[in-house]
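This report concerns only the one structure given below.
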Amino acid sequence: MGTEDLLEEAKFELLAGRYDNAEKFLKRILKKEPKNIDALFNLGVLYEITHQDSRALECFNQVLEISPEHREAREHAENLAEL
Amino acid sequence: MQFLVIGIGRFGKAVAEALADAGHDVVAVDENEEAVLEVEVMVSQALVMDATNERALRTLGVGDFDAVIVATSQNIESSLLITMLAKELGAKKIVAKTSTLLQAKVLKRLGVDLVVYPEKEMGQRVAQILTSPRIFEFIELSPTHSLVEIVAPEIFAGKTIKQTNARADYGVNIIGIKRRVPEMDENGQVTYREETIIAPSPDEGIGSGDLLIVIAKDENIEALKKL
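These protein sequence lines map, in sequence, to chains C and E. Here this note's numbering is used: the first residue of the first sequence is 85, the next is one more, and so on. Here this note's numbering is used: the first residue of the second sequence is -15, the next is one more, and so on.
In structure tokens, the structure reads:
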């Protein structure tokens, strides 16, 4: 399965609330492409949804290291840093 | 309602601000002019006054307020004197801030309705939150019971509240659920919205990563953390 398909599957599982499955798909992408911004961002959202805030913050910070202009990642990171 | 806040330090200011924000009439007094100027725009009236001066305090009509908040715990003597004067002048309800156990005992003897110990309470909350990453909020309700927000244990995920047997098996009462519900935004990005269910029905399901608002004995909360 290609990166795009894996990401689609991950988002589908995330929206369905099947977080374990979504995490597996996202980690498969990151194993191949450790700096994949979409996978890192969605993994951050997944951790945030499941209240694993320090892990989520780590993911958003990684996105910002790769792409400092990523507005959503900055918003999520700032929101988490405030808590 | 009408409130009189005596002492505009960090605590007094926070109480005055919260009461004013909630739409109540707040009169705030302090000896320090700078402190008074800081809250002037927030409250109904802010006055520079030495509240240990009985005559000055009398002019405020202490008995007309629904509650008097004595927030001058830095100076124990003046805190006790103000509390005593407020009581003599007919305060309906007195709330006093304290920073020591001894002061708390004396304030109770003076007939204070509620003694608050913010440093101690905040210290306990921070310690609880720091020592357990699964605890998001901690409020001590009594020496034996607390209210906490805790990430739902994995064994609860996918079950209804009734199916968890939380009360019978673990001695915890689930009084609310906070969850982040995933959704897709207009750009196709997965995001979430916050949802809080207060007094959930026994048939409400618990999802992975939900935050449970729980009231329980402290020992039962400790056991829940380990599940």
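Ideal placement from N, C-alpha and C gives every residue a C-beta, glycine not left out.
Beta carbon proximity, residue i to chain C, threshold 8 angstroms
i	result
E/LEU195	yes
E/VAL135	yes
E/GLN147	no
E/GLN(-14)	no
Contact with chain E by residue i, beta-carbon distance below 8 angstroms
i	result
C/LEU98	yes
C/ASN105	no
C/HIS154	no
C/THR134	yes
C/ASN163	no
C/LYS95	yes
Residue i - DSSP class collapsed to helix/strand/coil
i	result
C/ALA165	helix
E/GLU90	The identity of residue 90 of chain E in the sequence shown is Val, whereas the question assumes Glu. Helix, per DSSP.
E/LEU155	The sequence given here places Gly at residue 155 of chain E; Leu does not occur at that position. In this structure, E/GLY155 counts as coil in the three-state DSSP scheme.
E/PHE49	coil
C/HIS160	helix
E/THR144	strand
E/THR20	At residue 20 of chain E the sequence reads Val, which differs from the Thr that was named. Reduced to three states, the DSSP call for E/VAL20 is helix.
E/ILE181	strand
C/ALA100	coil
C/LEU124	helix
E/LYS243	With chain E running from -15 to 211 in the structure shown, residue 243 of chain E is simply not present.
C/THR134	coil
E/GLN(-14)	strand
C/GLN146	helix
E/MET168	strand
E/ARG223	Since the first residue shown for chain E is -15 and the last is 211, residue 223 of chain E is missing from the structure and cannot be characterised.
E/THR43	helix
E/GLU133	strand
Distance CB(residue i)-CB(residue j) smaller than 8 angstroms
i	j	result
E/VAL32	E/GLU17	yes
E/ASP48	E/GLN108	no
E/VAL135	E/LEU86	no
E/VAL46	E/ALA70	yes
E/ILE161	E/PRO184	yes
E/VAL132	E/ASN204	no
E/PHE(-5)	E/ALA55	yes
E/LEU44	E/LEU(-12)	yes
E/ILE190	E/ALA141	yes
C/LEU99	E/MET26	no
E/GLU179	E/ILE145	no
C/THR87	C/ILE113	yes
E/SER125	E/LEU94	For clarity, residue 125 of chain E is Leu in the given sequence; the question names Ser instead. No, the pair does not count as a contact, with Cβ atoms beyond the cut-off.
E/ALA150	E/ILE159	no
C/ASN126	C/ALA94	yes
C/ALA123	C/LEU91	yes
E/ALA6	E/VAL20	no
E/ARG118	E/LYS201	no
E/ALA111	E/TYR154	no
E/THR36	E/SER62	yes
E/GLN173	C/GLU117	no
Where residue i meets chain C, residues with beta-carbon distance less than 8 angstroms
i	result
E/GLY212	This structure cannot speak to residue 212 of chain E, because chain E is shown only from -15 to 211.
E/PRO166	LEU98, LEU99, GLY101, VAL129, ILE133
E/TYR176	VAL129, GLU132, ILE133
E/GLN87	Chain C residues near E/GLN87: none, gap ~33 angstroms exceeds 8 angstroms.
Rounded separation between residue i and residue j - CA only
i	j	result
E/LYS81	E/TYR101	6 angstroms
E/GLY(-7)	E/ALA0	10 angstroms
C/ARG158	E/ILE78	46 angstroms
E/VAL165	E/SER192	11 angstroms
C/GLU107	C/LYS119	16 angstroms
E/GLU15	E/VAL52	17 angstroms
E/THR128	E/LYS92	20 angstroms
E/LEU212	E/TYR176	Residue 212 of chain E lies beyond the residue range present for chain E, which begins at -15 and ends at 211; the question has no answer from this structure.
E/VAL34	E/ALA40	According to the sequence provided, residue 34 of chain E is Asp. The question's Val does not apply to it. Taking the straight line joining both Cα atoms gives about 7 angstroms.
C/LEU164	C/VAL129	11 angstroms
C/CYS153	C/ILE121	This sequence places Glu at residue 153 of chain C; Cys is not what is there. Between C/GLU153 and C/ILE121, the C-alpha separation is close to 12 angstroms.
E/THR148	E/SER130	20 angstroms
C/GLU97	C/TYR103	7 angstroms
E/HIS8	E/GLN58	26 angstroms
C/GLN136	C/GLU142	10 angstroms
E/GLU38	E/VAL198	46 angstroms
C/TYR131	C/ARG139	6 angstroms
E/PHE122	C/ASP89	42 angstroms
E/ALA152	E/PHE120	24 angstroms
Neighbouring residues, chain C, relative to residue i (Cβ below 7 angstroms)
i	result
E/GLN173	GLU156
Beta-carbon neighbours of residue i, restricted to chain E and to distances below 9 angstroms
i	result
C/ASN126	GLN173, VAL174
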